[in-house]
Amino acid sequence: MQWGPTIRPTRAEINLLSVVENSRLVASWAGCDLVAVVKADAYGHGACEVAKELQMAQTVVGFAVSLVEEGIELRNAGITLPILVMGPSVSDAYAALVEFKLTPFLSDTRHIAPLAAAAKTASQVVGIHLKLDTGMGRLGIVVDELAQAVAQVDGSANLHLEGIGSHLACADVDDPSDVDSKTVRQLQVFRDATAPFAGRELKFHIANSDAIARFSAPPSELPKFAFARPGIALYGNGSRRSELAQSLRLVSEITQLRLVSEGETVSYGARWVAQRPTRVAIVPIGYADGLPRRSSGQATALIGQKACEIIGTISMDMIVVDVSDCAEVAIGDEVVLLGRQGQAQIRVWDVAKQAGISEYEVTCGISKRVPRVFVGSSSVGSSSVESSSVESSSDV
Ligand SMILES: Cc1ncc(COP(=O)(O)O)c(C=O)c1O
Numbered sequence: 003m004q005w006g007p008t009i010r011p012t013r014a015e016i017n018l019l020s021v022v023e024n025s026r027l028v029a030s031w032a033g034c035d036l037v038a039v040v041k042a043d044a045y046g047h048g049a050c051e052v053a054k055e056l057q058m059a060q061t062v063v064g065f066a067v068s069l070v071e072e073g074i075e076l077r078n079a080g081i082t083l084p085i086l087v088m089g090p091s092v093s094d095a096y097a098a099l100v101e102f103k104l105t106p107f108l109s110d111t112r113h114i115a116p117l118a119a120a121a122k123t124a125s126q127v128v129g130i131h132l133k134l135d136t137g138m139g140r141l142g143i144v145v146d147e148l149a150q151a152v153a154q155v156d157g158s159a160n161l162h163l164e165g166i167g168s169h170l171a172c173a174d175v176d177d178p179s180d181v182d183s184k185t186v187r188q189l190q191v192f193r194d195a196t197a198p199f200a201g202r203e204l205k206f207h208i209a210n211s212d213a214i215a216r217f218s219a220p221p222s223e224l225p226k227f228a229f230a231r232p233g234i235a236l237y238g239n240g241s242r243r244s245e246l247a248q249s250l251r252l253v254s255e256i257t258q259l260r261l262v263s264e265g266e267t268v269s270y271g272a273r274w275v276a277q278r279p280t281r282v283a284i285v286p287i288g289y290a291d292g293l294p295r296r297s298s299g300q301a302t303a304l305i306g307q308k309a310c311e312i313i314g315t316i317s318m319d320m321i322v323v324d325v326s327d328c329a330e331v332a333i334g335d336e337v338v339l340l341g342r343q344g345q346a347q348i349r350v351w352d353v354a355k356q357a358g359i360s361e362y363e364v365t366c367g368i369s370k371r372v373p374r375v376f377v378g379s380s381s382v383g384s385s386s387v388e389s390s391s392v393e394s395s396s397d398v
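When we follow our numbering, the leftmost residue of the sequence shown carries the number 3, and every step to the right adds one.
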């Protein structure tokens with residue numbers, strides 16, 4: 003949703019160089035190739051720009067999205083690397099999967115026959131991955147039915163089984179030293195279930211960011227899979243955030259300065275009462291932009307590298323910031339809601355904690371009306387990377 007020139011000074015700055023650097027670090031922890039998870043607009047960071055930058059930097063071997071639509075968007079933006087479509091709804095999209103050379107990560111055997119038929123119609127052989135439920139209890143073929151599913155894929159001349167993967171439920175919370183943890187049990191189920199296929203040229207994959215970040219060392223060491231599927235760590239968040247660079251800055255400006263008298267209240271519900279004459283700044287960003295309303299009363303904003311309290315209830319379109327203790331403030335001064343300002347920084351993690359939500363929800367929640375501005379790209383004007391023909395959909 004862009005109506006034209008940006009008038010409001012509120013924006014999300016995405017540092018593409020930091021995404022690339024994060025991908026290098028994550029790959030070194032994983033010890034294998036990476037398929038970058040860029041679903042949900044790269045967790046709010048801009049999927050096309052992020053994917054183009056990673057493709058150009060050659061730090062990943064493919065991308066993973068949830069929706070077929072997301073895969074098509076990447077193809078239309080010039081992404082030629084393999085794209086794994088992980089989501090549950092591929093129904094009626096078989097022809098599109100084939101046409102756009104997307105690689106389905108199938109979790110339901112009912113999709114095998116119609117996909118094979120669409121591939122046959124297009125005279126193509128489509129590479130697919132099967133998703134195994136090792137304990138997530140959500141998507142995936144159950145262990146007892148894996149052999150049958152593999153046989154079904156093998157039985158189709160128009161399908162080629164490229165890999166088998168699974169997804170971990172507790173990599174972010176399990177204790178890596180607990181050899182009885184859910185994560186370790188899932189890894190074992192995966193190893194046992196895929197053992198009969200170990201002699202085949204299949205790519206096995208299971209690790210998300212926190213599995214890479216937290217289970218890459220003994221005793222719960224991650225087996226060396228063909229590739230890992232990190233999402234959140236690429237954007238500088240997740241359990242090893244302190245070693246990564248947060249790639250997103252949420253920025254606005256002071257548009258008004260006012261004085262609130264002692265005893266006056268600020269914003270909805272009159273929950274904040276001035277205990278002293280208070281100088282406040284009005285900043286045009288609110289919960290409709292993704293600043294969680296639930297963090298009202300706890301959140302801060304950086305002004306002049308100083309953490310200033312956001313006072314009163316966060317409104318749909320604006321916040322009120324107490325700037326009484328800032329030596330000098332003026333209309334037009336930069337206000338940072340997420341990210342760095344000089345030496346000071348607000349982490350996605352801080353806002354997540356204040357609002358009682360996950361880091362994923364903080365960045366995915368930055369709404370469409372906040373323009374994304376891309377900085378740190380290795381190619382000037384990275385958003386204008388020329389579309390090129392799709393080389394291959396296989397070998398994710
Ligand atoms: C199947 C699958 N793999 C990998 C990921 C990436 O997870 P993370 O962002 O925690 O690295 C996700 C994200 O939810 C996912 O659904």
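Positions of the beta carbon are idealized from the N, C-alpha and C atoms, including for glycine.
Here the structure is a predicted model, which is why all the values come from computation and not from measurement.
Other residues of its chain near residue i: CB distance less than 7 angstroms, five sequence neighbours each side excluded
i: Arg349; result: Arg243, Gln248
i: Phe107; result: Leu86, Val87, Met88, His131, Lys133, Gly167
i: Arg342; result: Arg251
i: Ser369; result: Ala290, Asp291, Gly292
Spatial neighbours of residue i in its chain, beta-carbon cut-off 6 angstroms, leaving aside the 5 residues before and after
i: Gln2; result: Outside the modelled stretch of the chain, which goes from 3 to 398, sits residue 2, for which no answer is possible.
i: Ala118; result: Ser158, Asn160, Leu161
i: Asn239; result: Val350, Glu361
i: Gly367; result: Gly292
i: Glu266; result: Ala276
i: Asn17; result: Ser249, Val377, Gly378
Residue i versus residue j - alpha carbon distance
i: Lys103; j: Asp174; result: 32 angstroms
i: Cys34; j: Ser183; result: 23 angstroms
i: Arg193; j: Val67; result: 25 angstroms
i: Leu19; j: Phe376; result: 10 angstroms
i: Arg26; j: Ala59; result: 10 angstroms
i: Val21; j: Gly46; result: 13 angstroms
i: Phe217; j: Val186; result: 9 angstroms
i: Ser263; j: Ala303; result: 22 angstroms
i: Ala354; j: Leu339; result: 12 angstroms
i: Glu363; j: Gly288; result: 15 angstroms
i: Ser380; j: Glu55; result: 8 angstroms
i: Gly1; j: Gln188; result: Only positions 3 to 398 of the chain appear in the structure, and residue 1 is not among them; the question remains open.
i: Thr61; j: Lys226; result: 18 angstroms
i: Ile316; j: Arg13; result: 18 angstroms
i: Phe199; j: Ile359; result: 40 angstroms
i: Asp135; j: Arg295; result: 36 angstroms
i: Val40; j: Leu141; result: 19 angstroms
Boundaries (first-last residue) of the beta strand (DSSP E) holding residue i
i: Ile85; result: 85-87
i: Thr280; result: 280-285
i: Glu255; result: 250-255
i: Lys226; result: Note, Lys226: premise wrong, no beta strand (DSSP E); not H, not E.
i: Lys205; result: 205-207
i: Asp319; result: Here Asp319 belongs to no beta strand (DSSP E), and DSSP marks it neither H nor E.
i: Gln150; result: Segment 148-156 is the alpha helix (DSSP H) holding Gln150; no beta strand (DSSP E) there.
Ligand 1 heavy atom lying under 7 angstroms from the CB of residue i
i: Ala234; result: The sequence shown places Ile at residue 234, rather than the Ala named in the question. Yes, Cβ of Ile234 sits closer than 7 angstroms to a heavy atom of ligand 1.
i: Arg243; result: no
i: Ala32; result: no
i: Ala402; result: A question about residue 402 goes unanswered here, because the residues of the chain that appear run from 3 up to 398.
i: Arg231; result: yes
i: Met88; result: yes
i: Asp135; result: no
i: Ala66; result: yes
i: His47; result: no
i: Asp212; result: yes
i: His169; result: yes
i: Val39; result: yes
Per DSSP, cross-strand counterpart(s) of residue i
i: Phe376; result: Ile16
i: Lys133; result: Gly167
i: Pro106; result: Val87
i: Arg349; result: Per DSSP, none; premise fails for Arg349.
i: Val338; result: Val253, Leu304
i: Gly64; result: Val37
i: Ile234; result: Answer is none; Ile234 lacks a bridge partner.
i: His162; result: Gly129
i: Gln343; result: Ala346
i: Ala309; result: Leu304
i: Thr82; result: Thr82 pairs with nothing; no bridge assigned.
i: Ile143; result: Leu134
Residue i - containing alpha helix (DSSP H), residue span
i: Thr185; result: 184-196
i: Glu55; result: 49-59
i: Arg260; result: Looking at the DSSP string, Arg260 is not in any alpha helix (DSSP H); the run it does join, the beta strand (DSSP E), is 258-262.
i: Cys328; result: Unbroken run through Cys328: none, as it is neither H nor E.
i: Leu99; result: 96-101
i: Ile114; result: 114-123
i: Tyr362; result: 361-366
Cβ-based neighbour list, residue i, same chain, cut-off 8 angstroms, excluding 5 preceding and 5 following
i: Gly165; result: His131, Leu132, Leu204, Lys205, Phe206, His207, Ala228, Val398
i: Val92; result: Val70, Leu99, Pro106, Leu108, His113, Leu117
i: Ala124; result: Ala97, Val100, Glu101
i: Ala213; result: Leu170, Ala173, Thr185, Leu224, Ala230
i: Ser179; result: Pro221, Ser222
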